[in-house]
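K.L.:
The sequence shown begins at 31 in the numbering used here and counts up one residue at a time.
Here it is, the structure, as structure tokens.
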Amino acid sequence: MRFNKTSGHYPRHCPASLFFSHWLCTLFLVFIPIILQHTAMAAELTDLSGKTIHFDRPFTRIISLYGAHTENLASLGLDKEIIGRSGDDDYPPAITAKPEFSSENIEKFIAARPDLVLIRPMLQARHPELFTRLQKVGITVVSLQPTTIDEMYAYWRDLGKLTGKRQEAEAMIDAFTSGLAQVRKKFKAIPEDKRPKVYFEAIHEMMRTFSPDSISLFALKSAGGINIATDAIPRRSSNIADYGKERILSHAGDIDIFLAQNGRMNRVDKMTILEEPGFESIKAVREGRVFLIDEKEVSRPTLRLLQGIQQLYDIFYPTSG
31 MRFNKTSGHY
41 PRHCPASLFF
51 SHWLCTLFLV
61 FIPIILQHTA
71 MAAELTDLSG
81 KTIHFDRPFT
91 RIISLYGAHT
101 ENLASLGLDK
111 EIIGRSGDDD
121 YPPAITAKPE
131 FSSENIEKFI
141 AARPDLVLIR
151 PMLQARHPEL
161 FTRLQKVGIT
171 VVSLQPTTID
181 EMYAYWRDLG
191 KLTGKRQEAE
201 AMIDAFTSGL
211 AQVRKKFKAI
221 PEDKRPKVYF
231 EAIHEMMRTF
241 SPDSISLFAL
251 KSAGGINIAT
261 DAIPRRSSNI
271 ADYGKERILS
281 HAGDIDIFLA
291 QNGRMNRVDK
301 MTILEEPGFE
311 SIKAVREGRV
321 FLIDEKEVSR
331 PTLRLLQGIQ
341 QLYDIFYPTS
351 G
């Protein structure tokens, strides 16, 4: 049969018309699932640099340059997707087998062919030229770092979104909040005026404590302690707050426990605190109630924060069991 120029179609029973219809249906069936899959995954995220990242598939070749990112990616079950780390990352222990990356060797980044480099604002401020160049060659760079507990939950969700592990991120949040409730239940019946008053040191040399909304003070309160430095002045865009020796000593008689984070940010030992001039007037120092705790377990936004909270509870209530 001939093509009908008036209607613009082959006759209804024309073999060519049937062939075209079958071909179109086949094409539809092949490509529609692909389109729907990409549409379902299509997402965007705005990082701390103010940049909005658009993506339609999970990132699968990740270089993580902050220990908390690395630890959380591992908690999400992404060991294979982590192709590199910073030299400081050491948890979980198996992560130390991954290649190290630093700002001194930009070519190593490019040669590794990552599709995502995870950083935090401090690193971006120190090495802007590195990350600008990585972005110019098509590598996605995302800057994240929560400073409050609510931001921590959102941050875990962001990592889940970037990696296609949204359900796993929700499971992390559920595990954390469930464990948190168990610890809080232990001191719920203890009146507030019977709970220990605590000074929590962030940086000894500068006599700094933590900002009121910081993750570290959340840990302290969640373990049943009372923060004595409520008048601390938060530093801009930081979880650290200025305090000073004079104000510490103004609370000397009320500090039941002197607590200090210990690690890269605060390389202090117990003897340094005990022998600090003027600290002999602090009740906790006189009574030998000075304690150090690993900063990675009370300052980092990871599941290990729950371990830190339990350790703090054991310090605050040693006879409770």
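The beta-carbon is built from N, C-alpha and C at its ideal position, and this holds for glycine as well.
#1: Pull the bridge partners of Ala29 from the DSSP assignment, please.
#2: Inspect the beta-carbon positions of Leu17 and Pro151 and report whether they are closer than 8 angstroms.
#3: So, using beta-carbon positions, are Arg87 and Ile113 closer together than 8 angstroms?
#4: I need the DSSP call for Ile303, collapsed to helix, strand or coil.
#5: DSSP three-state label for Pro122, please.
#6: Less than 8 angstroms separating the beta-carbons of Ile203 and Tyr183?
#7: Between which two residues does the alpha helix (DSSP H) holding Ser208 run?
#8: Taking the alpha carbon of Asn292 as the point to measure from, which residue in Thr82, Ser329, Ser94 has its own alpha carbon closest?
#9: Compare the C-alpha of Ile258 against each of His281, Lys128, Gly97, Met237 and name the closest.
#10: Give the single residue among Ala104, Leu210, Tyr96 whose Cα lies nearest to the Cα of Leu174.
#11: Quick check on Tyr343: does DSSP put it in helix, strand or coil?
#12: Quick one: residues in its chain with C-beta nearer than 8 angstroms to the C-beta of Glu325, no 5 flanking neighbours on either side, listed in chain order?
#13: Runs of 3 residues minimum, wholly inside the segment 137–180: which ones carry the beta strand (DSSP E) assignment?
#14: So, do the segment 188–198 and the segment 101–108 have three or more beta carbon pairs nearer to each other than 8 angstroms?
#15: For Pro221, is the classification buried or exposed, using 16 other Cβ atoms within 10 angstroms of its Cβ as the cut-off for buried?
#16: So is Thr36 buried or exposed if we call it buried at 16+ other beta carbons inside 10 Å?
#17: Suppose contacts are defined by Cβ-Cβ distances below 8 angstroms. Is Ile278 in contact with Phe346 by that definition?
#18: Could you round the C-beta distance between Leu160 and Ser116 to whole angstroms and report it? I think they count as a contact, below 8 angstroms.
P.N.:
In short, the structure shows the following:
#1: Outside the modelled stretch of the chain, which goes from 31 to 351, sits residue 29, for which no answer is possible.
#2: With the chain covering 31 to 351 only, the question about residue 17 has no answer from this structure.
#3: no
#4: helix
#5: coil
#6: yes
#7: 196–217
#8: Ser329
#9: His281
#10: Tyr96
#11: helix
#12: Gln291, Asn292, Gly293, Arg294, Met295, Asn296
#13: 146–149, 170–173
#14: yes
#15: exposed
#16: Its pLDDT being 48, under 50, Thr36 is placed unreliably in this model, and the coordinates cannot settle the point.
#17: no
#18: Not really, about 12 angstroms apart at Cβ, beyond 8 angstroms.
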